[in-house]
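Protein sequence lines, in the order shown, are assigned to chains A and B. Residues 5 to 389 (my numbering) are what the first sequence spells out, left to right. Residues 2 to 389 (my numbering) are what the second sequence spells out, left to right. A virtual CB, placed ideally from N, CA and C, is assigned to each residue, including glycine. All values reported here derive from a predicted model rather than from experimental measurement. This report concerns only the one structure given below.
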Amino acid sequence: MFIIKYVLRNLFRHKLRFILTVVGIAVAVLAFGLLRTLVGLWYSGAEHASDTRLVTRNAISLIFPLPVSYLERIRGVPGVNAISYGNWFGGVYIDEKNFFANYAVEPRTYLNLYPEFVLPPKEKNDFLLDRKGCVVGQRLASTYGWKVGDLITLKGTIFPGQWEFALRGIFKGAEKATEERMLLFHWDYLNESVRQSVPRRADQVGFYIIGVKKPELAPEVSLAVDTMFKNSLAETLTETEKAFQMGFVSMTEAIMVAIQIVSYMVIAIIMVVAANTMAMTARERIGEYATLKTLGFKTGHLAGLIFGESVAISVLGGMLGVAATFPAAVWIESELAQYFPYFSVSAETLLLELLCALVVGVVSGIFPTWRGATIRIADGLKRIG
Amino acid sequence: MGIPYSYSFRNLWTRRLTTLLTASGMGLVVFVFAATLMLAEGLQQTLVQTGSFDNVVVLRKAANSEVQSGVERGQAALVESQPEVAIGSDGKPLLAKELVVLINLKKRDGNKPANVVIRGVNAVSLKLRPAIRLKEGRMPREGSAEVIAGASIARRFKGGGLGETLRFGMRDWRVVGVFDAGSTGFSSEIWGDVDQMMQAFRRQVYSSIIFRLRDSSGFDAFKARIEGDPRLTVEAKRETRYYLDQSESMAKFLRILGLVLTIVFSIGAVIGATITMYAAVANRVTEIGTLRALGFQRRSILSAFIMEALLLGLCGGMLGVGGASFMQLITISTMNWASFSELAFSFALTFGIVWKSLLFSVVMGFIGGALPAVRASRMNIVEALRAT
């Protein structure tokens with residue numbers, strides 16, 4: 005009881021220093037949490053991928069197409085429930101800065117395979133009937149202020165020309181994490197145009213999406229599909245949607261690893277600051293420690309006193325940081341919605357934030373404790389200032 | 002008269018541990034600051050060095066990269082006949098019609114897939130890129146399924162090393178040589194005979210045409226003519242410009258990321274400096290009183306403490322820059338979004354980054370030391386002397 009009271013009194017002896025340290029730790033913990041969440045988001049696309057969907061693409065690499073004639077052959081593979089296909093269109097809206105995904109897909113089957121794109125029945129019907137129609141996600145529509153009925157022109161980078169689409173519907177994601185910055189249009193429209201301009205590029209698709217009956221069938225089906233086209237002009241590579249997305253993620257992994265390292269670095273920075281604060285505190289109180297020792301307090305008591313103080317400071321800072329994480333996440337979600345459609349902090353991250361704060365407290369207490377414990381009473385009392 | 006500078010310096014020295022801790026806190030921030038700038042710089046340097054100013058890249062209109070582009074044979078012949086194209090010593094134009102595609106290769110460590118640029122070249126291609134030297138093995142024989150790999154591909158990708166084989170386009174390709182392209186993007190490419198490649202990939206069109214200008218100033222005339230020619234659907238860029246565009250988005254991303262991170266992190270370091278400087282002032286109340294009693298002005302006290310804080314910041318800055326300079330030994334490889342392919346590049350330290358980092362650390366020191374210095378300068382002489 006006495007020790008706790010002593011620790012509390014000690015905490016507030018230098019109010020300014022106490023407040024500064026707590027704020028510093030809070031900022032660091034907050035930054036750590038947000039960075040961790042950011043890294044998590046990078047992988048979230050893969051985590052939310054369905055395990056009953058497979059992606060088939062050209063085995064050489066994504067830039068090579070597959071003939072559309074594979075469609076019926078793949079459909080015949082046992083275990084295949086549904087199949088759709090499409091092309092990455094790579095269109096640019098006005099300027100290259102306005103980047104969003106746009107695909108030419110076979111709309112009927114594609115929308116069936118992706119039930120997470122929720123489209124009002126009327127809009128869906130309009131889209132399916134209009135060959136030059138397109139649908140976009142809610143978030144994309146609000147970014148550019150598009151309304152149903154608008155004409156959207158994309159400049160093709162892979163398929164040259166100006167492509168005009170009539171906006172027929174705006175879909176919402178079934179979940180918060182569903183990608184909504186996306187434009188979909190009819191593959192037929194693309195194909196017909198290409199057939200006229202560059203006939204050799206017609207009747208080719210960039211990828212097939214295969215729906216399997218059960219997730220357990222995925223390995224069998226992908227093996228069956230790839231074996232079927234082995235040694236053909238366009239060999240295929242079939243993998244689960246998750247593996248496909250992870251392939252993308254892993255290509256830019258170096259940057260994510262760097263961010264992860266940096267997120268721990270911020271903790272290291274604040275650890276140094278906290279350790280410094282505690283070292284200064286201990287230096288100022290060396291005389292007191294000697295007095296306490298003279299009075300018969302053991303090293304354990306001193307350690308409790310010092311660790312109690314440093315842990316109290318950092319845990320307070322940690323809690324403040326955790327508390328600030330929520331409003332920060334909400335702010336990012338509303339202000340930076342363009343980049344981070346959703347920014348939810350996981351419980352694991354919050355726990356790690358607190359753990360980091362605790363580690364900072366413990367580590368910063370080590371040196372002062374060692375000083376207090378090893379100093380000889382006479383030396384401590386002799387010391388001035 | 003001002004207080005001697007050595008006063009500030011010695012004060013830091015007396016409190017070595019505290020000084021070191023505070024400076025290393027700032028040093029870490031400066032490290033992050035410098036490292037991200039170096040990364041963006043390294044990326045840009047690699048891609049800019051890849052191009053040479055007198056080379057021109059001709060791509061299909063609106064294609065942002067060679068991979069997206071396609072130039073028909075007929076159009077390629079038209080470009081070849083332009084008068085701006087330099088003629089080599091053998092009387093042939095210094096012009097290469099190349100094929101650039103991506104293949105999916107697995108890395109040696111971790112088996113992770115990445116998109117690697119594979120370039121179909123002819124004999125002139127090598128003359129157009131003076132940076133490239135054959136390091137091991139030999140050049141591929143024309144008309145055979147042989148390739149040479151860039152040093153960074155040979156090291157990091159399965160099947161990329163000398164004597165190994167790669168399988169794509171229904172054929173096995175033997176790696177007969179490894180070339181060194183310095184710190185250019187070509188180090189992350191695989192080269193082979195263009196005609197063989199076109200057959201293997203079933204491509205009837207070239208991706209890009211690269212040629213040397215006869216006269217460097219002829220570029221504008223050339224560009225205007227071919228872009229206005231109704232028979233051609235191509236656009237021309239200087240090679241340097243082309244590769245700079247390729248690095249733009251990624252370098253910008255790295256810079257913004259670095260800036261946001263360092264601003265947040267610097268809050269922590271500034272707080273550390275403030276605490277240190279407040280403690281420095283608090284411990285020296287009597288000393289400050291004495292200085293004032295000796296006749297030093299408030300202004301001198303203020304500047305002495307600010308100087309101490311600036312020195313502290315500078316120490317941190319030097320620690321950070323010193324640490325960051327070791328990052329130059331590290332090579333990072335990641336996907337460049339603009340070209341959708343793997344690119345290896347290193348951290349690059351420039352004089353600009355050094356002084357920006359040092360300035361940044363000094364500013365941090367100043368912000369941290371300003372309030373404590375003001376407090377020191379405002380002390381009342383009598384009260385300060387009485388304090389124990």
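Taking 8 Å as the cut-off between beta carbons, the residues of the stretch 219-243 of chain B near chain A are Thr234, in sequence order. Shown here for Leu155(A): same chain residues with a beta carbon closer than 8 Å to its own, the five before and five after excluded, namely Glu168, Phe169, Ala170 and Leu171 in chain order. In the structure shown, Val363(A) falls within a helical segment according to DSSP collapsed to helix, strand and coil.
Contact between Ile154(B) and Ser189(B) holds, since their C-beta atoms are separated by about 6 Å, short of 8 Å. With its beta carbon less than 9 Å from one in chain A, Tyr279(B) belongs to the interface. Annotation: Met319(B) to Gln45(B) spans about 25 Å, alpha carbon to alpha carbon. Contact check for Arg239(B) against Val58(B) passes: the beta carbons are separated by less than 9 Å. For the beta strand (DSSP E) assignment, the uninterrupted runs of no fewer than 3 residues enclosed by the stretch 131-172 of chain A are, from N- to C-terminal side, 137-141 and 155-160. The beta-carbon of Met171(B) is placed less than 9 Å from the nearest beta-carbon of chain A.
Each of Ala272(A), His52(A), Phe347(A) and Gly384(A) was checked against the Cα of Thr41(A), and the nearest Cα belongs to Phe347(A).
Take the alpha-carbon of Lys253(B) and the one of Gly52(B): they are about 20 Å apart. Nearest to Phe348(B) by C-alpha distance, out of Leu18(B), Thr23(B), Ala36(B) and Tyr6(B), is Ala36(B). Looking at Ala280(B), Glu81(B), Leu330(B) and Ala294(B), the one whose alpha-carbon comes closest to that of Thr23(B) is Ala280(B). At a C-beta separation below 7 Å, Ile67(A) has these neighbours in chain B: Val68, Val102 and Leu103. By the Cβ criterion, the stretch 331-344 of chain B is not in contact with the stretch 299-319 of chain B, since fewer than three pairs of Cβ atoms, one from each stretch, lie closer than 8 Å. Going by beta carbons, Gly90(A) and Ile213(A) fall inside the 9 Å limit.
The Cβ-Cβ distance between Thr161(A) and Val96(A) falls below 9 Å. Contact of Ser334(B) with chain A is assigned, a C-beta pair being separated by under 9 Å. In the three-state reduction of the DSSP assignment, Gln208(A) falls in the strand class, which pools E and B. In the structure shown, Tyr6(B) adopts helical secondary structure according to DSSP, grouped into three states. With the rule of 3 Cβ pairs closer than 8 Å, the stretch 265-273 of chain A counts as touching the stretch 27-41 of chain A. Annotated three-state conformation of Trp191(A) is helix, per DSSP.
Taking a Cβ-Cβ threshold of 7 Å, the residues of chain A close to Arg61(B) are Pro164, in chain order. Going by C-alpha positions, Gly178(B) is about 41 Å away from Leu45(A).
In the three-state scheme derived from DSSP, where H, G and I count as helix and E and B as strand, Glu184(A) is classed as coil. At least one C-beta of chain B is nearer than 9 Å to the C-beta of Leu39(A). For a Cβ distance threshold of 7 Å, residue set Asn280 of chain A lies close to Thr23(B), ordered along the chain. Linking Ile354(B) to Leu311(B) through their CA atoms gives a straight-line distance of about 19 Å. Its Cα nearest to that of Arg112(A), the residue Val139(A) stands out among Ile259(A), Val84(A), Val139(A) and Phe311(A).
Residue range Arg74 to Glu81 is occupied by the alpha helix (DSSP H) that includes Glu81(B).
Between Ala35(B) and chain A, the shortest Cβ-Cβ separation is not below 9 Å. Looking at the DSSP output, Thr231(A) shares a beta bridge with no other residue.
For Ala105(A), there is no enclosing alpha helix (DSSP H); the enclosing beta strand (DSSP E) has its first and last residue at Ala105 to Val109. Our two residues, Val271(B) and Met365(B), have alpha carbons roughly 6 Å apart in a direct line.
If you check each beta-carbon in the stretch 19-35 of chain A against every beta-carbon of chain B, the ones closer than 9 Å belong to Leu20, Arg21, Leu24, Thr25, Val27, Gly28, Ile29, Val31, Ala32, Leu34 and Ala35.
Shown here, Phe22(A) sits in a helix according to DSSP, grouped into three states.
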